[in-house]
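A.B. asks: Structure in structure tokens, see below.
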Amino acid sequence: MNKNRKIFVADFDGTLARDDSSISIQTIDLLKKLGKIDVIRIVDTGRSLFSFKTVVNDDFPIDYLVFSSGIGIYDWKKQKLLKEYSIGEQDTADVYKYLSENNYDFMVQLPVPNNHFFHHFSSDYPNSDFQSRISYYENYGIKPSKKCPVKASQFVIILNKEANDIIKISQQFPHLKIVKATSPIDRKSVWIEILPPKISKATGIEFIQNIYNAKLENIVTVGNDYYDLDMLNYSLPQSSYIVANAPDELLKMFNAVQSNEEEGVAALIQKLYF
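All residue numbers for the sequence shown refer to my numbering, where the first residue is 2 and numbers rise by one.
This is the structure in structure tokens:
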């Protein structure tokens with residue numbers, strides 16, 4: 002394989018996509034141009050495969066999809082699942098017990114490829130973003146499972162605000178991967194996601210990098226939220242970018258480009274490759 006093969010990785014919601022989840026014609030055209038010059042194009046998203054396919058067509062110009070933050074890796078051109086991960090039976094039971102006893106609003110996602118199906122547990126006062134996520138899937142005819150699955154792909158905890166919850170949960174389950182994100186639904190609620198051990202957006206990139214034996218210095222990443230930190234920290238500092246609509250804390254850490262509403266990713270592609 003050519004070690005000089007270049008790889009371009011973008012988060013989807015709030016980064017590549019505009020706030021209404023649409024992609025501009027300019028961005029689509031530049032992604033197509035990347036393919037013509039043999040740059041590997043990856044979307045690395047927290048969305049499930051099902052959710053991603055509700056907002057793009059099968060001819061969307063990318064090569065790979067890292068979905069559910071690395072839980073699944075998908076060859077987009079061949080429409081083929083390459084890799085999937087899940088949380089073991091005992092961990093699934095232990096996490097469910099802890100979260101329910103502590104009265105969190107959360108979802109337990111079924112294993113890939115059915116990880117758009119979930120069982121949910123609600124607190125005494127479930128927040129609106131939690132209810133909105135349930136409604137989103139019900140609109141596609143997906144009703145919550147009545148029972149917690151034996152094995153889970155991930156847990157999604159939804160909070161109005163985060164008050165050291167991620168620290169407490171991380172201390173309780175240090176061997177699992179735990180990340181924080183801003184809700185893609187109301188764009189203000191906090192999501193804490195519990196993933197299989199050592200799995201992240203970065204491990205998805207690494208898997209694809211190894212297919213091509215590509216050099217790390219040839220990988221560019223661009224994101225917009227805390228959820229993208231593993232991905233952004235995987236690429237070299239000079240090749241890690243954040244869009245202007247990111248939290249101020251992240252804007253201080255990475256190279257900034259225009260916001261997702263101002264074609265920031267398109268401008269970055271143009272600058273780096275053409």
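Glycine included, C-beta positions come from ideal geometry on N, C-alpha and C.
Over the uninterrupted beta strand (DSSP E) stretch that includes methionine 108, give me the two end residues.
C.D. replies: The residue you call residue 108 lines up with position 107 of the sequence shown. That run of the beta strand (DSSP E) goes 107-110.
A.B. asks: Please report the residue range of the beta strand (DSSP E) in which glutamate 85 lies.
C.D. replies: The residue you call residue 85 lines up with position 84 of the sequence shown. Residues 81-85.
A.B. asks: Taking only three categories from DSSP, how would you classify serine 184?
C.D. replies: Residue numbering aside, residue 184 sits at position 183 when the sequence shown is read from its first letter. It is coil, neither helix nor strand.
A.B. asks: Quick one: what's got a C-beta closer than 8 Å to valine 57's C-beta in the same chain, skipping five residues either side?
C.D. replies: Mapped onto the sequence shown, residue 57 falls at position 56. Only Ile24 meet the Cβ criterion.
A.B. asks: Compute the beta-carbon to beta-carbon distance between proline 114 and leucine 50, rounded to the nearest angstrom, for a pair I have assumed lies under 8 Å.
C.D. replies: Counting from one through the sequence shown, the residue named residue 114 turns up at place 113. Counting from one through the sequence shown, the residue named residue 50 turns up at place 49. Right, the Cβ-Cβ distance comes to about 7 Å (below 8 Å), so this counts as a contact.
A.B. asks: Whole-angstrom Cβ separation of phenylalanine 255 and tyrosine 242, contact assumed at under 8 Å?
C.D. replies: For the purposes of this step, residue 255 is identified with residue 254 of the sequence shown, where counting begins at 1. For the purposes of this step, residue 242 is identified with residue 241 of the sequence shown, where counting begins at 1. The pair is a contact, with the Cβ atoms about 6 Å apart (cut-off 8 Å).
A.B. asks: Taking Cβ to Cβ, would you say aspartate 76 is nearer than 7 Å to methionine 232?
C.D. replies: Reading the sequence shown from its first residue, position 75 is the one you call residue 76. Reading the sequence shown from its first residue, position 231 is the one you call residue 232. Contact flag unset, no.
A.B. asks: On a Cα-Cα basis, can you pick out the residue from Asp92, Gly142, Ala203 that is closest to glycine 71?
C.D. replies: Position 70 of the sequence shown, counted from the first residue, corresponds to residue 71. Checked all of Asp92, Gly142, Ala203; the closest Cα to glycine 71 is Ala203.
A.B. asks: Closer than 8 Å by C-beta to phenylalanine 53: which residues in its own chain qualify, once you throw out the five before and the five after it? Chain order, please.
C.D. replies: Against the sequence shown, residue 53 aligns to sequence position 52. Hits under 8 Å: Phe13, Val44, Thr46, Leu66, Phe68.
A.B. asks: Which word fits histidine 117, buried or exposed, when buried means at least 16 other C-beta atoms lie within 10 angstroms of its C-beta?
C.D. replies: Residue mapping note: residue 117 aligns to position 116 of the sequence shown, counting from 1. So histidine 117 counts as buried.
A.B. asks: Mind checking whether alanine 267 and threonine 93 have CB atoms under 7 Å apart?
C.D. replies: Position 266 of the sequence shown holds residue 267. Position 92 of the sequence shown holds residue 93. The answer is no: Cβ separation not under 7 Å.
A.B. asks: I'd like to know if the region 190-204 and the region 165-180 are in contact, where contact means that at least 3 CB-CB pairs between them fall below 8 Å.
C.D. replies: The answer is yes - the region 165-180 touches the region 190-204, with three or more Cβ pairs under 8 Å.
A.B. asks: Report the start-end ranges of each beta strand (DSSP E) in the region 58-145 that is 3 residues or longer and not cut off at the edges.
C.D. replies: Within the region 58-145, the complete beta strand (DSSP E) runs of at least 3 residues are 65-68, 73-76, 81-85, 107-110, 119-122.
A.B. asks: By how many angstroms is the C-alpha of isoleucine 170 removed from the C-alpha of tyrosine 86?
C.D. replies: Mapped onto the sequence shown, residue 86 falls at position 85. Mapped onto the sequence shown, residue 170 falls at position 169. So the alpha carbons of these two residues sit roughly 20 Å apart.
A.B. asks: Which residue's Cα is closest to the Cα of tyrosine 227: Arg6, Lys7, Thr16, Phe9?
C.D. replies: Position 226 of the sequence shown, counted from the start, is the residue given in the question as residue 227. Comparing Cα-Cα distances from tyrosine 227 to each of Arg6, Lys7, Thr16, Phe9, the minimum goes to Thr16.
A.B. asks: Whose CA, out of Ser133, Arg48, Gln173, Gln80, lies closest to the CA of tyrosine 97?
C.D. replies: In the sequence shown, counting from the first residue as 1, residue 97 sits at position 96. The shortest C-alpha separation from tyrosine 97 is found at Gln173.
A.B. asks: Could you check if tyrosine 126 is buried or exposed, using at least 16 other CB atoms within 10 Å of its CB as the buried criterion?
C.D. replies: Locating residue 126 in the sequence shown gives position 125, where the first residue counts as 1. The residue is exposed, with fewer than 16 neighbouring Cβ atoms inside 10 Å.
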